[in-house]
Amino acid sequence: MDNELWFYEPEDRDGYLSNFASYPLYIDGSKWQTSEHYYQAHKFTEQSVITEIQQAPTPDDAFRLSREHQSQMRQDWDSIKRQTMFTVVSEKFRQHPLLAHKLIATGNCIIKEHSHKDAYWGDGGDGKGENHLGKILMEVRSLLKKQLPYKFLHYVETAKLPTPWGTFAMHGFVEPESGKEHLALSYGQWRKDEPVLMRIHSECLTGDALFSMRCDCGFQLQKALQNIVKNGSGVLLYLRQEGRGIGLLNKIRAYQLQDQGADTVEANEQLGFAADLRKYHFCESMLSFLGINEVKLMTNNPRKVKALKKIGINIVERVILQEGHNRHNHFYLSTKADKLGHMFEVPNNGSFSIHEIKKGHEL
Ligand SMILES: Nc1nc(O)c(N)c(N[C@@H]2O[C@H](COP(=O)(O)O)[C@@H](O)[C@H]2O)n1
Ligand SMILES: [Zn+2]
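All you need for the working numbering is the position in the sequence shown, starting with 1, plus 29.
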């Protein structure tokens with residue numbers, strides 16, 4: 030039996046589900062302060078009444094005015110009211126992506142408007158009501174789950190992530206198909222029309238968590254977080270695509286081949302993989318959740334630039350993230366530059382003797 034989610038007052042935890050919650054809508058060229066304004070106004074055909082309700086200062090006033098004009102209600106209201114409610118609730122979540130993500134995050138909960146005042150739209154307070162508003166919200170949730178940008182990645186929950194450089198908001202997401210989990214870390218605030226400093230970071234357990242010097246990932250991760258805090262705002266998308274998408278154990282197999290002299294591309298290919306298996310289409314869902322469509326992207330990887338452009342993100346600037354170059358990763362970084370098109374200036378190996386570079390892989 031799925032859990033029940035009760036809502037009622039707009040100021041409650043799940044109050045965003047209420048028609049009285051303050052989320053403006055634009056329908057057929059008109060602005061409606063809340064979905065309640067739209068619903069109550071559409072009980073009438075007399076324009077003066079519609080306008081009076083549309084301009085009511087609050088949804089409670091809209092509700093009150095509708096009762097005052099009860100005698101002028103359209104004759105066929107009972108036959109069209111559910112469709113009218115479905116229309117305005119659908120539009121509310123279409124026009125407010127963050128609400129759509131939150132609605133999807135309710136999973137398969139049974140949503141109920143817990144109202145002892147209403148046994149049609151609500152559950153009647155005793156659970157015996159018809160709960161049509163709850164049912165419409167669940168219908169809209171099902172439809173949203175099948176639509177872009179939500180279909181490939183669902184938002185789940187947010188929590189604080191304190192780091193030595195600052196406290197980020199950590200947003201968890203899951204791929205509904207595979208169950209694979211991804212993160213977005215956000216810091217500070219940004220205006221809608223402002224390009225956001227962003228890093229797309231692919232998971233590298235060895236570099237990010239085990240201080241590996243075989244690559245530059247851990248150094249890039251730290252620098253990206255520091256850059257975001259220094260900038261005052263920004264986002265890091267942490268994508269669980271270990272090993273350029275081949276996974277940790279295959280990456281260790283690839284490292285073993287590199288210890289025998291293969292480069293990072295040859296190793297992947299000797300294991301039967303393409304050089305890079307990563308996908309980025311699901312980032313569209315994360316960026317919709319964060320309200321981002323213009324970025325200053327911290328990356329050296331041309332494939333990430335291309336992937337973001339493909340999902341409609343405007344990259345106003347590419348910020349080089351060249352960190353952690355050392356004798357253990359010189360050959361790896363050179364290969365990424367030579368064979369994977371990474372855009373950075375790998376210091377010539379004059380910095381390290383070829384002996385030191387070769388030695389870099391000795392156990
Ligand atoms: N398959 C594979 N072989 C190697 O030798 C590696 N060092 C990695 N590392 C993975 O590469 C990704 C980071 O590279 P970008 O800078 O984002 O292009 C990350 O997935 C590491 O785990 N993989
Ligand atoms: Zn790495």
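Each residue gets a CB set at the ideal place from its N, CA and C atoms; glycine is no exception.
Note that the structure is a prediction, hence the values are computed from the model and not measured.
Please determine whether the Cβ atom of Ser231 lies at a distance below 7 angstroms from any heavy atom of ligand 1. It does: the Cβ of Ser231 is within 7 angstroms (strictly closer) of some heavy atom of ligand 1.
Using 8 angstroms as the cut-off, can you tell me whether the segment 236–247 makes contact with the segment 358–365, which would need three or more C-beta pairs spanning the two stretches below that distance? Between the segment 236–247 and the segment 358–365 there are three or more C-beta pairs closer than 8 angstroms, enough to call the two in contact.
Are the C-beta atoms of Trp61 and some chain B residue less than 8 angstroms apart? Here chain B cannot be found, since the structure has a single protein chain.
Are the Cβ atoms of Ile257 and Leu265 separated by less than 8 angstroms? Between Ile257 and Leu265, the C-beta gap is smaller than 8 angstroms, which places the two residues in contact.
Using the beta-carbon count (16 or more within 10 Å), is Gly263 buried or exposed? With 16 or more neighbouring CB atoms inside 10 Å of its own CB, Gly263 falls in the buried class.
Please tell me whether Leu119 and Gln83 are closer than 8 angstroms, where the distance is taken between their beta carbons. A small correction: the amino acid at residue 119 is Ser; Leu does not occupy that position in the sequence shown. Taking 8 angstroms as the Cβ cut-off, Ser119 and Gln83 do not qualify as a contacting pair.
Cutoff 7 angstroms; reference Phe373; Cβ partners in own chain excluding five residues on either side: Same-chain partners within the cutoff: Asn329, Ile349, Gln351 and Ala366.
From Ala129 to Leu286, what distance separates their C-alpha atoms? Each residue's CA atom was taken as its position, placing Ala129 and Leu286 some 46 angstroms apart.
What does the alpha-carbon distance come out to for the pair Phe360 and Pro53? Cα to Cα, the separation comes out at about 55 angstroms.
For Thr187, which residues does DSSP report across the bridge? Its beta-bridge partners are His200.
Take Trp61 and list the residues in its own chain whose beta-carbon comes closer than 6 angstroms to its own, dropping the five residues that flank it on each side. Once the five neighbours on either side are set aside, the close Cβ partners of Trp61 are Leu54 and Tyr67.
With 16 other CB atoms within 10 Å as the buried threshold, where does Leu46 fall? Burial check for Leu46: the Cβ neighbour count within 10 Å reaches 16 or more, so the residue is buried.
Can Gln270 and Ser231 be called in contact, C-beta distance under 8 angstroms? Their beta carbons are under 8 angstroms apart, which means Gln270 touches Ser231 by this criterion.
So what does DSSP say about Trp35, is it helix, strand or coil? In this structure, DSSP gives Trp35 an extended state, which the three-state scheme calls strand.
What are the start and end residues of each continuous alpha helix (DSSP H) run of 4 or more residues lying completely inside the segment 224–304, in chain order? Qualifying alpha helix (DSSP H) stretches, in chain order: 234–237, 246–260, 277–288 and 293–299.
Cβ atoms of Arg228 and Ala198: under 8 angstroms apart, would you say? No, the Cβ-Cβ distance between Ala198 and Arg228 is not below 8 angstroms.
What whole-angstrom Cβ distance do Val117 and Ser64 have, given they're in contact under 8 angstroms? In this structure Val117 touches Ser64 by the C-beta definition: roughly 4 angstroms separates them, less than 8 angstroms.
Cβ-based burial, Asp152 [other Cβ within 10 Å; buried from 16]: A residue is called buried once 16 or more other Cβ atoms fall within 10 Å of its Cβ, and Asp152 is buried on that count.
Excluding the 5 residues preceding and the 5 following Arg307 in the sequence, name in chain order all residues of the same chain whose CB lies nearer than 7 angstroms to its CB. Around Arg307: Ser231, Gln270, Arg273 and Gly274.
Report yes if the C-beta of Thr293 is less than 7 angstroms from at least one heavy atom of ligand 2; otherwise report no. No.
Please return the same chain residues whose Cβ sits closer than 6 angstroms to the Cβ of Glu97, not counting the five positions on each side in sequence. If the five residues before and after Glu97 are omitted, its C-beta is found closer than 6 angstroms to no C-beta atom of its own chain.
Contacts around Tyr184, its chain only, beta-carbon distance under 6 angstroms, and the 5 residues preceding and following it disregarded: Non-local C-beta neighbours of Tyr184 in its own chain, meaning closer than 6 angstroms and more than five positions away in sequence, comprise His130, Ala134, Phe202 and Phe318, ordered along the chain.
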